[in-house]
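Taking it in order: structure first as structure tokens, then the write-up.
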Amino acid sequence: MDLHRCRFVPYPPSAINALAFSHPSARTKQHAALSRLAVGRANGDIEIWNPLAGAWHQETVLRSGADRSVDGLVWVTEPDEELAGSNSNLTIPGRSRLFSIGYTSAVTEWDLAAGRPARHASGQHGDIWCLAAQPPASPSDPVTRLVAGTIDGVLALYSIEDGDLRFQRLLVKSPTKKAQMVSIAFQSRHVVVVGCSDSTLRAYDMRNGSMLRKMALGADLAGGAKDIIVWSVRVLPSGDIVSADSTGQVCFWDGKTYTQMQRIQSHRQDVLSLAASADGTAIMSGGMDRRTVLYKRTTGANGARWGKVWSRKYHEHDVKAMASFESAKMSVVLSGGPDASPVVLPLKELGRENHRTLPSLPQTPPLASAPSARLLVSWWDREVHVWKLQKSFDGLYGGASGSGDDVADKDLDKNRKLLKTILVKGESNITSAAVTADGSLLVVSTATAVKAFHLRHDGNPTKPSDVKLASVSVPEPLASGGASKVLVSPDGAWIAAVQDGSKTLVAAVSRDDAGAITIQKPRVANRLRRNIPKHQSLGGLGNYERSIAHLAFAPDSRMLAAADLAGFVDTWILSESAPAASAENASDSEDSSNEDEETAAASAGEARWIRNPSAALLPKLPAPPVVLSFSPSSEEPTLVAVTTSWHILAFHPSTGSLTPWSRRNPLSRLPATIRDTRDLAKGLLWQGPRAWIYGVSFLFMLDLSLDLSPPSSSTTDPETALVHASSSHGTKRKRKGPESGAGARMAVGSIVPAQVDRLVGSKAGKQWHDDIEKATSTSAEDAMEIDGAEQDSASDSDSEEALENLRNQDTQTEEGADGKTRWWYTYKYRPILGLAALSASSSSGDGAEQQQPLEAVLVERPIWEVDLPERYFGANEWER
1 MDLHRCRFVP
11 YPPSAINALA
21 FSHPSARTKQ
31 HAALSRLAVG
41 RANGDIEIWN
51 PLAGAWHQET
61 VLRSGADRSV
71 DGLVWVTEPD
81 EELAGSNSNL
91 TIPGRSRLFS
101 IGYTSAVTEW
111 DLAAGRPARH
121 ASGQHGDIWC
131 LAAQPPASPS
141 DPVTRLVAGT
151 IDGVLALYSI
161 EDGDLRFQRL
171 LVKSPTKKAQ
181 MVSIAFQSRH
191 VVVVGCSDST
201 LRAYDMRNGS
211 MLRKMALGAD
221 LAGGAKDIIV
231 WSVRVLPSGD
241 IVSADSTGQV
251 CFWDGKTYTQ
261 MQRIQSHRQD
271 VLSLAASADG
281 TAIMSGGMDR
291 RTVLYKRTTG
301 ANGARWGKVW
311 SRKYHEHDVK
321 AMASFESAKM
331 SVVLSGGPDA
341 SPVVLPLKEL
351 GRENHRTLPS
361 LPQTPPLASA
371 PSARLLVSWW
381 DREVHVWKLQ
391 KSFDGLYGGA
401 SGSGDDVADK
411 DLDKNRKLLK
421 TILVKGESNI
431 TSAAVTADGS
441 LLVVSTATAV
451 KAFHLRHDGN
461 PTKPSDVKLA
471 SVSVPEPLAS
481 GGASKVLVSP
491 DGAWIAAVQD
501 GSKTLVAAVS
511 RDDAGAITIQ
521 KPRVANRLRR
531 NIPKHQSLGG
541 LGNYERSIAH
551 LAFAPDSRML
561 AAADLAGFVD
571 TWILSESAPA
581 ASAENASDSE
591 DSSNEDEETA
601 AASAGEARWI
611 RNPSAALLPK
621 LPAPPVVLSF
631 SPSSEEPTLV
641 AVTTSWHILA
651 FHPSTGSLTP
661 WSRRNPLSRL
671 PATIRDTRDL
681 AKGLLWQGPR
691 AWIYGVSFLF
701 MLDLSLDLSP
711 PSSSTTDPET
721 ALVHASSSHG
731 TKRKRKGPES
741 GAGARMAVGS
751 IVPAQVDRLV
761 GSKAGKQWHD
771 DIEKATSTSA
781 EDAMEIDGAE
791 QDSASDSDSE
801 EALENLRNQD
811 TQTEEGADGK
821 TRWWYTYKYR
831 PILGLAALSA
841 SSSSGDGAEQ
851 QQPLEAVLVE
861 RPIWEVDLPE
871 RYFGANEWER
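The sequence shown begins at 1 in the UniProt record's numbering and counts up one residue at a time.
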């Protein structure tokens, strides 16, 4: 594959302002499976993540609009209910509702299944700066009220009874409006603690609004601000209060007397966020000095005291938000800030496990390409950019020399050209976009509208004036209903869109003799009715898991596939006339009768999409899908799905069966390098039978015409061979137990000072030299003992280190007995925003020599090239 490695495509990641878990302390497996993480960003978008026992899958993004921000998130989970008349003790899990604030006077509730706001409410008060849910009277009672703290010193009550959201009344009014409500937490159902901007914490009685106690912090340090701002407040299970303020101190308050018990100067600047464990024995704080600090309670001669036990910098900027999550298998803290990347920290295992930085880039790549015209389309917020890559890979790097070293930077700069920049009208951010293979039709969707543009050009535009842009009329209900995903068929004759999260619409595209484009009225493609138990559909996240996450057209544009978050796959085929199938759709569909009437209104001879007769034979995927794609085979269409658990499954949708390759190559045959990859796949490109699968940090090639090596001692996989070589001498690998959901276990000696290299020499001939003073004799320590001389724990950790080094090699590959490459893997490119083809996918042949070379654009967006806002620099602090 020929790759154009590009970093000119703009995609500025947005800062993280808020983090919240739906079930911070999951008591059962059912609650752990329903737990979701909401990430609120400065551009108004809300990301929904599924922890998935440490896989961390970004399931969907709730798009917002211009000049909006999410600065606070609150989940409200209703109590579980016993299923009446059930002999199996089934319970309906409580439904989860998500609320947000954004430095306005309104509170917003979100519809996760539809992917848009469900309702808004506001009152006669200023901008809301903090929000919390009032605890219920008992675990069996629902949460009925939200409390909001405002910029003008007001506490406002909002009612959320009966699935509604409405302003109720003002609880507290500040006479001077000097005390701004910055942070809030409930000590009990009737007592709320508020952190203010006037150096105080205040405890209020929820029944009458009276102030129970004012806790003063004093004055700031000399030369500092007059007032101290309490940025964060947490209440421990014991009732004690923890506060973080602008002096860099974390204070502990007695929950009964409201007096200060202890304060720790743990940060050099403002402490912005706090998180606590479910049992209240551990607390973490993050501040403007980029540090994350862990505190634990110890018992000594002077009684119980809190102490700082760990401090480290995990972020490139402020640590603005924190949230903790604990279940039977996970114990983590999520943190985020202006550097846009969520960081997963082990809570109970901090110091024994590594942290993990989640990608700031979206799971669904915001890229599309028109291979015939060599166009690349990218989008973010409300902007769409159309780029042109003029020369092919051979044209740039070929020639007499045959090497890319002679290509000047100016030639690479001239090779790309920004042809058009489109600013979509309206306030909603773009959810999806698609372009035809010839680059003549561009379809852009937001949460409220779908827009189409005709790009008139001669097939090879080289400058902006070569492309004429014209708007194309979009019929209802697409024009005003919006869509979460849009896709154009390979022949450009059909547009598929996902509306309201789970409804699939398909519209025909026609062209007249003059080249004018017309989009016909869309019709509903009915999905199969799935037998989902009522206790699952009525509670928890409702129909959220039935939201369609992926769409894919077959290469001949005569089959359409859709996969939802639950793992169900629906397929449709194009038919000229099928009245019997139409009647079956109308009687068997789970959609409304109005949608069936729209579908049945087509004439008998008109091309239409009907449900695949073998659609019900496709099994449910073992895990949520992350990639769905049809192979370019000219024979029977093959649908490939990649899941979060790295199951790579190939189906024949026309017969509803697994392909022979998928039957012969289960998950256990995949290379250990692939199975152990923590990052999830984002997309897939085809080169004949070769599937190029990529994620944010890897690029993986798998040849579906060749079988993988069986997991045996004679395998050629070097990693598996090392394991067998180690075990053949009687050394049993010690298991260290399950991970807590963050990074892997720390290796022995990983915290000790490491070897330091230094750059010496003149500017013309600089070389890296080992620092002799810091160097350690790592050759003997890093060597893997496989001769059985040492069979202690140090030997085991050396073996695991060697295996880890193999996994972290930049490039790995495996060839079969016939010399053909079965799979190939590299970490060379990171972080990858997306991968888009610049040449059409070739059909699979019998040999590698029949495959046409694949030319693609790989877009990287490293965080060090992103313009971050100014941050605090402490004394004696420097950057490389």
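Note that CB positions come from ideal geometry on N, CA and C, so glycine has one too.
For clarity, every value in this text was computed on a predicted model and none was experimentally measured.
Give a yes or no on contact between the region 225–235 and the region 182–189, applying the rule of three or more CB pairs nearer than 8 Å. Counting C-beta pairs with one atom in each stretch, the region 225–235 and the region 182–189 have three or more that are closer than 8 Å, which means they touch.
Considering only DSSP beta bridges, list what S564 is partnered with. The amino acid at residue 564 is misidentified as Ser; the sequence shows Asp. According to DSSP, D564 shares a beta bridge with I548.
Less than 7 Å between C-beta atoms, sequence neighbours within five positions excluded: which residues of the same chain meet that for D80? Correct list, in chain order: T91, I92, P93 and G94.
Could you tell me whether the Cβ atoms of L350 and L294 are closer together than 8 Å? Yes, they are a contact pair.
What whole-angstrom Cβ distance do T571 and N526 have, given they're in contact under 8 Å? In this structure, T571 and N526 do not form a Cβ contact; the two beta carbons are roughly 12 Å apart against a cut-off of 8 Å.
Look at V70 and S100 and say whether their C-beta atoms are less than 8 Å apart. Pairing V70 with S100 gives a Cβ-Cβ distance under 8 Å.
Which same chain residues, not among the five before or five after H31, have their C-beta less than 6 Å away from its C-beta? For H31, same chain residues with a beta-carbon under 6 Å away, outside a window of 5 residues either side, are H23 in chain order.
P533 burial status per 10 Å Cβ neighbour count (16 or more: buried): Using a 10 angstroms sphere on the CB of P533, the tally of other CB atoms stays under 16, which defines it as exposed.
Nearest-angstrom Cα distance between W692 and R169? Rounded to the nearest angstrom, the two C-alpha atoms are 57 Å apart.
Whole runs of the beta strand (DSSP E) within the region 448–514, excluding any shorter than 3 residues: If one requires a minimum length of 3 residues, the beta strand (DSSP E) runs lying completely within the region 448–514 are 450–456, 468–472, 485–488, 494–499 and 503–511, in chain order.
I'd like the list of long-range same chain contacts for P869, defined as Cβ closer than 6 Å, with 5 residues on each side in sequence excluded. Closer than 6 Å at the Cβ level, and outside the excluded window around P869, lie P338.
Grab me the residues of L639's own chain with a C-beta within less than 6 Å of its C-beta, minus the 5 sequence neighbours each way, in chain order. Within the same chain, L639 has close Cβ partners A561, F630, F651 and P653.
Same chain, Cβ closer than 8 Å to P622, five either side skipped, listed in chain order: Excluding its 5 nearest sequence neighbours in each direction, P622 has C-beta neighbours in its own chain below 8 Å: G567, T643, S645 and H647, listed in chain order.
Express the C-alpha separation of A672 and P710 in angstroms, rounding to a whole number. Looking at the two C-alpha atoms, the distance is approximately 12 Å.
Hey, quick one: how far does the beta strand (DSSP E) through Y158 stretch, first residue to last? Bounds of the beta strand (DSSP E) holding Y158 are L155 to S159.
Distance cut-off 7 Å: L157 Cβ against heavy atoms of the ligand SAM: This structure lacks the ligand SAM, and indeed carries no ligand of any kind.
Beta-carbon proximity list for L3, same chain, < 7 Å, skipping 5 on both sides: Result list for L3: A856 and L858, in chain order.
Strictly by DSSP, which residues pair up with Q265? Answer is Q249, bridged to Q265.
Looking at the structure shown, is L396 part of a helix, part of a strand, or coil, going by DSSP? Per DSSP, reduced to three states, the secondary structure at L396 is helical.
Is the region 346–366 close to the region 672–683, with three or more CB pairs under 8 Å? Result yes; three or more Cβ-Cβ pairs closer than 8 Å.
Cutoff 6 Å; reference G834; Cβ partners in own chain excluding five residues on either side: P365, L367 and V859.
P555, buried or exposed, once every other Cβ within 10 Å from all chains shown has been counted against 16: For P555, the number of other beta carbons within 10 angstroms of its own is at least 16, and it is reported as buried.
Check R675 in the structure and name its three-state DSSP category. Looking at R675 - three-state DSSP - the assignment turns out to be helix.
In the DSSP assignment, the beta strand (DSSP E) including S662 goes from what residue to what residue? DSSP places S662 outside any beta strand (DSSP E); the residue lies instead in the alpha helix (DSSP H), whose first and last residues are P660 to R664.
With 16 as the cutoff for other CB atoms within 10 Å, does S246 come out buried or exposed? Answer is buried; the Cβ neighbour count reaches 16.
Sort S331, Y103 and A483 by Cα distance to T448 and report the nearest one. Taking only the C-alpha atoms, the option nearest T448 is A483.
Please work out which residues of its chain come closer than 6 Å, Cβ to Cβ, to P13, disregarding the five sequence neighbours upstream and downstream, and give them in chain order. The residues are A340 and S360.
With a threshold of 16 other CB atoms inside 10 Å of the CB of M211, please say whether the residue is buried or exposed. Under this definition M211 is an exposed residue.
Determine the DSSP secondary structure at V866, reduced to helix, strand or coil. DSSP places V866 in coil when its eight states are reduced to three.
Pair every Cβ in the region 243–261 with every Cβ in the region 274–294, then say whether three or more of these pairs are closer than 8 Å. Judged by Cβ distances under 8 Å, the region 243–261 makes contact with the region 274–294, as three or more pairs qualify.
Any idea what DSSP makes of Q54, helix, strand or coil? It should be noted that the sequence gives Gly, not Gln, for residue 54. Shown here, G54 sits in a helix according to DSSP, grouped into three states.
Beta-carbon within less than 6 Å of L617's beta-carbon, same chain only, minus the 5 sequence neighbours each way: which residues are those? So the list reads G656, once near-sequence residues are dropped.
Alpha carbon to alpha carbon, how far is D413 from S64? Give it in angstroms, no decimals. Our two residues, S64 and D413, have alpha carbons roughly 34 Å apart in a direct line.
Report back the beta-carbon spacing between L288 and L272 to the nearest angstrom; my notes put them in contact at under 8 Å. Inspection of the sequence shows that residue 288 is occupied by Met rather than by Leu. Sure, about 6 Å apart at Cβ, within 8 Å.
Between the alpha carbons of M1 and L708, how many angstroms are there, rounded? Their backbone Cα atoms lie some 21 Å apart in a straight line.
DSSP three-state call for D318: helix, strand or coil? The answer is coil: DSSP assigns D318 none of H, G, I, E or B.
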